[in-house]
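The sequence shown begins at 1 in my numbering and counts up by one.
We treat Cβ as the ideally placed atom computed from N, Cα and C, and that holds for glycine.
Small disclaimer: the values here were computed from a predicted structure and weren't measured.
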Amino acid sequence: MANTLQCGTHGEREARFVCDHLVQNLRAASPQRLIYYAPEHAPHEPTPAIWCEGCEAVIQAEGEINAAALAVANFHGVCDFCFQRYLDAGEAAPVEA
Ligand SMILES: [Zn+2]
Ligand SMILES: [Zn+2]
């Protein structure tokens, strides 16, 4: 996913995606430290997207990230610098070996 986007703060950067719930959480007056999930993919590549526990439950129920899951996640595009704030603000879900 080599998409780029124009970030209002950081200019043209690589695009990352964050589910609506994590975005809203970080915008809240007192954000919670939420667990986030990331797609399983080549570990040397940057993680292109993260989503919350609620979205993960939908993805598990659907069996894949399909249209129904995307409708729930309502991903926001953010730049790779801004994406780091979401990683720092939460906890990565434990990865099953
Ligand atoms: Zn979510
Ligand atoms: Zn940015």
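Residue 34 carries a coil assignment under DSSP once its states are collapsed to helix, strand and coil. Partner residues in the beta bridge of residue 7, as assigned by DSSP, are 11. One thing to note: residue 14 has its Cβ no nearer than 7 Å to the Cβ of residue 37. Counting the other CB atoms within 10 Å of its CB gives residue 78 a total of 16 or more, which places it among the buried residues. Assignment of residue 75 by DSSP, reduced to helix, strand and coil, places it in the coil class. Residue state for residue 64 is assigned as coil, using DSSP reduced to three classes. Close to ligand 2, as judged by a C-beta nearer than 5 Å to any of its heavy atoms, are the residues 7, 9, 10, 79, 81 and 82, in chain order. DSSP, read as helix, strand or coil, puts residue 69 in helix. Measuring C-alpha to C-alpha distances from residue 11 to each of 86, 91 and 81 identifies 81 as the nearest.
Here residue 3 has 14, 15 and 77 as same chain residues with Cβ atoms under 8 Å from its own Cβ, once five neighbours each way along the sequence are excluded.
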